[in-house]
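Residue 98 in my numbering sits at position 86 of the sequence shown, and the numbers go up by one each step.
The structure under discussion appears below in the form of structure tokens.
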Amino acid sequence: GENTFVDTAALRTHASEAKELIETIDLLGFTFDPRLSDWDADAETLSLQYADFSVMEWRFDSETDQYVLYQDFADQGSITIVQSSDRADGSRIAFENVLVLFANYIEYNPTMYDVDFREGDHNQRALLLRDGKLIHGTWSAADPFSPINLFGKTGASLALKPGRTWIIFVGTTSKAAQTSGSEWELVFSLQ
Numbered sequence: 013g014e015n016t017f018v019d020t021a022a023l024r025t026h027a028s029e030a031k032e033l034i035e036t037i038d039l040l041g042f043t044f045d046p047r048l049s050d051w052d053a054d055a056e057t058l059s060l061q062y063a064d065f066s067v068m069e070w071r072f073d074s075e076t077d078q079y080v081l082y083q084d085f086a087d088q089g090s091i092t093i094v095q096s097s098d099r100a101d102g103s104r105i106a107f108e109n110v111l112v113l114f115a116n117y118i119e120y121n122p123t124m125y126d127v128d129f130r131e132g133d134h135n136q137r138a139l140l141l142r143d144g145k146l147i148h149g150t151w152s153a154a155d156p157f158s159p160i161n162l163f164g165k166t167g168a169s170l171a172l173k174p175g176r177t178w179i180i181f182v183g184t185t186s187k188a189a190q191t192s193g194s195e196w197e198l199v200f201s202l203q
């Protein structure tokens with residue numbers, strides 16, 4: 013399948029120019045802090061296997077303080093992991109934060125799913141990668157129309173690094189493991 017991404021600043025600009033922006037969305041559920049003072053582990057790489065032979069991998073670039081996206085690429089019968097680039101301008105795809113949200117999936121048929129936000133449940137697992145580090149946390153949403161709230165181990169808000177965030181939803185039975193040093197592997201699972 014294709015990836016979905018959106019430039020929220022561009023959407024707001026477009027909506028404002030179209031005079032359809034009625035109100036500014038309240039993002040009070042999110043906290044931002046350029047500094048990171050507490051983390052659980054080093055995380056230079058996160059590899060996500062989300063289907064047979066389908067891999068997304070984020071590699072931390074310490075020069076830009078961003079996670080750069082790499083994906084599987086099939087070429088003449090062999091599969092390799094290559095850096096992803098924007099189709100429009102060829103620039104690399106990179107984010108300050110990679111956020112993994114563990115959620116219940118509702119299966120309607122083998123190719124159609126919904127993500128159940130379990131409104132008000134503060135015990136849904138989350139992993140945040142930023143600054144080359146991994147932080148364990150939890151997430152919740154008051155309702156399907158409210159922003160996601162992120163919490164650290166103590167229950168305080170979990171701060172994102174200012175910048176862009178790639179959000180990944182995985183099933184609650186998906187397994188994350190530290191494979192060596194600062195490398196992490198996540199295998200998507202619904203069962």
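All C-beta atoms in this analysis are idealised placements derived from N, C-alpha and C, irrespective of residue type, glycine included.
Would you call residue i buried or exposed, if buried means 16 or more other Cβ atoms sit within 10 Å of its Cβ?
{"i": "Asn109", "result": "buried"}
{"i": "Ala106", "result": "buried"}
{"i": "Leu75", "result": "The sequence as given places Glu at residue 75; Leu does not occur at that position. Exposed."}
{"i": "Thr57", "result": "buried"}
Nearest CA to the CA of residue i: which residue from the options?
{"i": "Ala207", "options": "Leu139, Asn135, Ser103", "result": "This structure does not reach residue 207, given that the chain is present from 13 up to 203, and the question cannot be answered."}
{"i": "Phe129", "options": "Gly183, Gly144, Arg47", "result": "Gly183"}
{"i": "Glu119", "options": "Asp101, Gln203, Lys145", "result": "Gln203"}
{"i": "Asn116", "options": "Phe200, His26, Thr25", "result": "Phe200"}
{"i": "Asp126", "options": "Phe181, Tyr62, Ser90", "result": "Phe181"}
CA-CA distance, residue i and residue j?
{"i": "Phe85", "j": "Thr92", "result": "5 Å"}
{"i": "Trp196", "j": "Arg137", "result": "16 Å"}
{"i": "Thr150", "j": "Gln88", "result": "42 Å"}
{"i": "Leu170", "j": "Asn161", "result": "8 Å"}
{"i": "Pro122", "j": "Gly102", "result": "34 Å"}
{"i": "Ser192", "j": "Ala100", "result": "36 Å"}
{"i": "Arg176", "j": "Ser66", "result": "24 Å"}
{"i": "Met124", "j": "Ala189", "result": "28 Å"}
{"i": "Ser97", "j": "Ala22", "result": "19 Å"}
{"i": "Asp209", "j": "His26", "result": "Here the chain covers residues 13 to 203 and nothing more, so residue 209 does not appear."}
Is residue i close to chain C, meaning its C-beta is less than 7 Å from at least one C-beta of that chain?
{"i": "Asp84", "result": "No chain C is part of this structure, which consists of one protein chain only."}
Taking the beta strand (DSSP E) that residue i belongs to, which residues open and close that run?
{"i": "Ala138", "result": "136-142"}
{"i": "Thr76", "result": "That residue, Thr76, is in no beta strand (DSSP E); it is neither H nor E in DSSP."}
{"i": "Gly132", "result": "Careful: Gly132 lies outside any beta strand (DSSP E) and carries neither H nor E."}
{"i": "Phe178", "result": "Going by the sequence as given, residue 178 is Trp instead of Phe. 177-183 is the extent of the beta strand (DSSP E) around Trp178."}
{"i": "Lys145", "result": "145-153"}
{"i": "Ser96", "result": "Unbroken run through Ser96: none, as it is neither H nor E."}
{"i": "Ser192", "result": "187-192"}
Is residue i close to the ligand ATP? I mean its beta-carbon at under 6 Å from any heavy atom of the ligand.
{"i": "Ile91", "result": "Although the ligand ATP was asked about, the structure shown includes no ligands whatsoever."}
Do residue j and residue i have their beta-carbon atoms positioned less than 7 Å apart in this structure?
{"i": "Pro156", "j": "Phe44", "result": "no"}
{"i": "Lys145", "j": "Trp51", "result": "yes"}
{"i": "Asp133", "j": "Ser152", "result": "yes"}
{"i": "Leu111", "j": "Leu140", "result": "yes"}
{"i": "Leu48", "j": "Asp143", "result": "yes"}
{"i": "Asp54", "j": "Ser194", "result": "yes"}
{"i": "Met68", "j": "Gln83", "result": "yes"}
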